[in-house]
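Structure first, commentary second.
Written as structure tokens, this is what we have:
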């Protein structure tokens with residue numbers, strides 16, 4: 010028997026249908042991943058299933074006494090509330106009685122009194138009246154399973170631990186269907202792995218939204234695609250879904266092209282001369298009117314965002330160099346003896362548990378954080394663009410256009426002046442959406458707006474702090490391509506394993522107690538390194554950091570280690586000769602143009618683009634040759 014049925018559900022905001030007569034059946038034990046573009050209505054659908062939003066038409070039926078609970082997209086707010094009380098609140102009125110009993114028991118242990126004893130007896134009677142002991146045991150069991158500190162206050166917990174508390178509150182009701190909205194946001198790697206294991210052990214059904222492709226591949230037994238108001242079910246793996254979805258989009262594109270061709274032919278026919286109009290077939294006229302209506306109602310698939318970086322002048326070859334860096338805050342060792350060099354063109358990912366010091370190290374690299382000891386050398390001509398994980402650079406009361414353009418109608422982007430509305434269309438914001446206040450956007454749309462603002466800033470050093478949160482997968486893959494092709498330097502913090510694998514040339518792994526190890530490659534290489542050391546990331550809690558053992562015999566996997574080039578770097582090295590050859594060929598062709606006797610007799614509008622391209626080619630060729638030399642040296646060192 011199914012857990013939940015959606016029948017002919019319809020929901021619209023304004024003139025846009027979020028759900029257009031959709032159907033869905035969820036069976037017990039299924040793990041369904043809901044995918045779709047930013048703003049498609051994924052979170053709205055989860056809220057409707059949870060009963061928080063009323064449909065315009067259709068029905069959502071919970072089969073039998075099925076219990077449904079939803080984990081919101083954002084973690085609970087920090088407060089002085091006890092973890093135990095917050096989790097117990099998931100049980101509504103009974104939970105309040107359980108919390109009261111728990112509080113009185115603790116007070117009675119500390120300060121025994123007849124008044125407290127009487128109050129405890131009343132709470133005990135109230136629990137017995139509603140069979141509360143069973144539910145109280147369930148609260149204790151969930152807190153134990155999730156390793157949560159029952160008597161800690163919420164304000165003392167990090168974002169990752171707050172997500173764990175919120176999940177405990179959802180699980181304590183023992184739901185038949187668990188709804189999760191971007192559950193991996195704010196979680197570090199170990200927390201994500203823990204969540205995967207918890208959900209694999211969960212006996213009920215799960216419907217979740219996620220952009221984390223590794224998470225989806227591990228958990229999903231079925232993919233549900235929300236696209237332009239329609240729900241389509243894709244049984245099987247995420248990889249099979251991608252193949253089938255691409256096939257369907259190609260079929261749709263071909264059908265639309267055929268439809269448009271027919272419509273164009275009929276429009277030509279209807280505009281023929283007087284003689285043709287006298288003999289027109291009225292049925293054909295009505296058919297044309299139907300075609301026009303169908304074309305007007307059609308919702309085309311959303312295009313791809315057009316991301317690119319507003320590149321500044323090139324920085325010096327050395328971006329940062331540090332020797333034996335030491336930094337501690339009170340008794341916490343943040344950095345202990347780090348040797349690290351960052352060169353122009355490097356893409357380095359910082360990986361480690363929440364609160365381990367990743368943001369602190371970024372401030373050190375940018376020269377914003379003094380250290381206790383060590384030698385630091387900062388690079389020259391650095392122009393930094395910083396993507397803040399807290400999204401603090403957007404004013405929620407202002408429109409997207411006002412935020413991104415700082416109130417200006419025109420923006421300058423890679424030497425070209427564009428209207429702000431035209432620029433925002435590259436980021437999939439229609440003119441109407443560009444005038445919408447940021448507070449009305451979905452999480453993914455806010456992220457796209459922040460990217461649009463960030464990429465306007467000329468830079469040769471990109472710092473990206475959790476850039477993947479809430480982005481749809483299409484935009485995420487495009488961001489990967491932008492980072493890979495970016496000629497500057499990138500420092501990124503991300504817990505998205507596939508994103509790091511696809512973008513980083515090296516990783517700084519925070520192992521606890523101030524120990525930071527450089528590893529060439531991404532998560533594949535991290536897993537290999539950890540398998541050798543037999544210790545997962547973050548086993549030494551960041552809240553109890555102490556001075557690390559500098560005599561550790563663990564092998565260092567940095568640049569100086571005897572390690573082959575990663576697959577990604579080897580692929581880059583293999584491709585460089587052809588790239589250089591193509592650049593040199595183009596350079597030769599332009600030189601012939603410029604050498605022509607009448608070249609400079611042409612209008613400036615003709616000669617200037619050629620001269621600009623020639624200058625750009627020289628820069629690109631120099632960068633390619635330097636990168637080739639750098640990778641060749643790295644390959645030689647690794648083979649010695």
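Numbering (the working numbering), first residue to last: 10 to 649. Built from N, CA and C at the ideal position, the CB exists for glycine as well.
Between which two residues does the beta strand (DSSP E) holding residue 394 run? Translated into positions along the chain shown, residue 394 becomes position 385. 393–396 is the span of the beta strand (DSSP E), which, as asked, contains residue 394.
Three-state class that DSSP yields for residue 333 in the structure shown: On the chain shown, residue 333 is found 324 positions in, with the first residue counted as 1. In this structure, residue 333 counts as strand in the three-state DSSP scheme.
Do residue 367 and residue 519 have their C-beta atoms closer together than 8 Å? Within the chain shown, numbered from 1, the residue matching residue 367 stands at position 358. Within the chain shown, numbered from 1, the residue matching residue 519 stands at position 510. Contact: yes.
Report the three-state DSSP secondary structure of residue 147 (helix, strand or coil). Counting from one through the chain shown, the residue named residue 147 turns up at place 138. It is helical.
State the Cα-Cα distance for the pair residue 553 and residue 541, rounded to the nearest angstrom. On the chain shown, residue 553 is found 544 positions in, with the first residue counted as 1. On the chain shown, residue 541 is found 532 positions in, with the first residue counted as 1. Its pLDDT being 32, under 50, residue 553 is placed unreliably by the model, and the measurement read from it follows with that caveat. Answer to the nearest angstrom: the Cα atoms are 25 Å apart.
Does the region 374–393 come within contact of the region 323–342, defined as at least 3 CB pairs closer than 8 Å? yes
So the alpha helix (DSSP H) residue 514 belongs to, where does it begin and stop? The sequence position of residue 514 within the chain shown is 505, counting from 1. That residue, residue 514, is in no alpha helix (DSSP H); it is neither H nor E in DSSP.
Looking at the structure shown, is residue 527 part of a helix, part of a strand, or coil, going by DSSP? The sequence position of residue 527 within the chain shown is 518, counting from 1. Strand.
Would you decide whether residue 194 is buried or exposed? Buried here means 16 or more other CB atoms lie within 10 Å of its CB. As a working mapping, residue 194 is identified with position 185 in the chain shown. Flag for residue 194 reads buried.
Under DSSP, the beta strand (DSSP E) around residue 438 begins and ends at which residues? Counted from its first residue, the chain shown places residue 438 at position 429. Segment: none, residue 438 is in no beta strand (DSSP E) and carries neither H nor E.
Around the Cβ of residue 584, are there at least 16 other Cβ atoms within 10 angstroms (buried) or fewer (exposed)? On the chain shown, position 575 is the one that residue 584 refers to. Classification for residue 584: exposed.
Helix, strand or coil at residue 49 [DSSP, three-state]: Start at 1 with the first residue of the chain shown, and residue 49 comes out as number 40. Coil, per DSSP.
Where residue 611 and residue 595 are concerned, what is the direct C-alpha to C-alpha distance, given to the nearest angstrom? On the chain shown, position 602 is the one that residue 611 refers to. On the chain shown, position 586 is the one that residue 595 refers to. Residue 611 and residue 595: Cα-Cα distance of roughly 21 Å.
Buried or exposed for residue 260, going by 16 or more other Cβ atoms inside 10 Å? Reading the chain shown from its first residue, position 251 is the one you call residue 260. Exposed, because fewer than 16 other Cβ atoms sit within 10 Å of the Cβ of residue 260.
Cβ contact (3+ pairs, closer than 8 Å) linking the region 188–205 and the region 217–235: yes
Roughly how far, in whole angstroms, is the beta-carbon of residue 64 from the beta-carbon of residue 116, given that I think they are within contact range, below 8 Å? The residue you call residue 64 lines up with position 55 of the chain shown. The residue you call residue 116 lines up with position 107 of the chain shown. The Cβ separation is near 46 Å, so there is no contact.
Helix, strand or coil: which one does DSSP assign to residue 484? Sequence index remark: in the chain shown, residue 484 carries index 475 (1-based). Reduced to three states, the DSSP call for residue 484 is helix.
Going by C-alpha to C-alpha distance, which of 267, 297, 265 and 292 sits closest to residue 277? For the purposes of this step, residue 277 is identified with residue 268 of the chain shown, where counting begins at 1. Residue 277 has its Cα closest to that of 297, out of 267, 297, 265 and 292.
Near residue 623, which residues of its chain fall below 6 Å by C-beta distance, leaving aside the five closest residues on each side in sequence? Within the chain shown, the letter at position 614 stands for residue 623. Counting only Cβ-Cβ distances below 6 Å, and skipping sequence neighbours, we find 599.
From 358, 515, 484 and 430, pick the residue whose C-alpha is nearest to that of residue 472; which is it? Translated into the one-based positions of the chain shown, residue 472 becomes position 463. Residue 358 is the option with its Cα nearest to residue 472.
Please confirm whether residue 43 and residue 225 have their CB atoms less than 8 Å apart. Here residue 43 is taken as the residue at index 34 of the chain shown, counted from 1. Here residue 225 is taken as the residue at index 216 of the chain shown, counted from 1. No, they are not a contact pair.
Rank 147, 66, 83 and 212 by C-alpha distance to the C-alpha of residue 38 and give the top, closest one. For the purposes of this step, residue 38 is taken as the residue at position 29 of the chain shown. Measuring from the Cα of residue 38, the nearest candidate turns out to be 212.
Sub-8 Å separation of residue 151 and residue 92 beta-carbons: Within the chain shown, residue 151 is the residue found at index 142, counting from 1. Within the chain shown, residue 92 is the residue found at index 83, counting from 1. No, the pair does not count as a contact, with Cβ atoms beyond the cut-off.
Along the chain, where does the alpha helix (DSSP H) containing residue 533 start, and where does it finish? Within the chain shown, residue 533 is the residue found at index 524, counting from 1. Residue 533 -> alpha helix (DSSP H) spans 532–542.
Quick test of your reading: residue 371 and residue 500, contact by CB under 8 Å. State the CB separation rounded to the nearest angstrom. Within the chain shown, the letter at position 362 stands for residue 371. Within the chain shown, the letter at position 491 stands for residue 500. Sure, about 6 Å apart at Cβ, within 8 Å.
Distance CB(residue 48)-CB(residue 503) smaller than 8 Å: Working through the chain shown from its first residue, we reach residue 48 at position 39. Working through the chain shown from its first residue, we reach residue 503 at position 494. For residue 48 and residue 503, no; Cβs fall outside 8 Å.
Can you say whether residue 210 is buried or exposed, counting buried as having 16 or more other CB atoms within 10 angstroms of its CB? Looking up residue 210 in the chain shown gives position 201. Exposed: under 16 other Cβ atoms inside 10 Å.
Where does residue 90 sit, in a helix, a strand or coil, going by DSSP? As a first step, residue 90 is located in the chain shown; it is residue number 81 there, counting from the start. Here residue 90 sits in coil by DSSP.
For residue 461, three-class secondary structure by DSSP: Sequence index remark: in the chain shown, residue 461 carries index 452 (1-based). Residue state, collapsed to three classes: helix.
Using the beta-carbon count (16 or more within 10 Å), is residue 177 buried or exposed? Numbered from its first residue, the chain shown carries residue 177 at position 168. Residue 177 should be labelled buried.
Go ahead and pull the three-state DSSP assignment for residue 504. Position 495 of the chain shown, counting from 1, holds the residue named residue 504. Residue state, collapsed to three classes: coil.
Which of the three DSSP states is assigned to residue 13 in this structure? If you number the chain shown from 1, residue 13 lands on position 4. DSSP places residue 13 in strand when its eight states are reduced to three.
Might you give, ordered along the chain, the residues of its own chain that have their beta carbon closer than 8 Å to the beta carbon of residue 603, omitting 5 neighbours on each side? Reading the chain shown from its first residue, position 594 is the one you call residue 603. Within the same chain, residue 603 has close Cβ partners 619, 620 and 623.
Could you tell me which residues DSSP puts in a beta bridge with residue 426? Start at 1 with the first residue of the chain shown, and residue 426 comes out as number 417. For residue 426, which the question treats as bridged, DSSP gives the partners 421.
Does the Cβ of residue 636 lie closer than 7 Å to at least one heavy atom of the ligand HEM? This structure does not include the ligand HEM; it has no bound ligands of any sort.
Mapping the DSSP letters down to three states, classify residue 111 as helix, strand or coil. Within the chain shown, numbered from 1, the residue matching residue 111 stands at position 102. It is helical.
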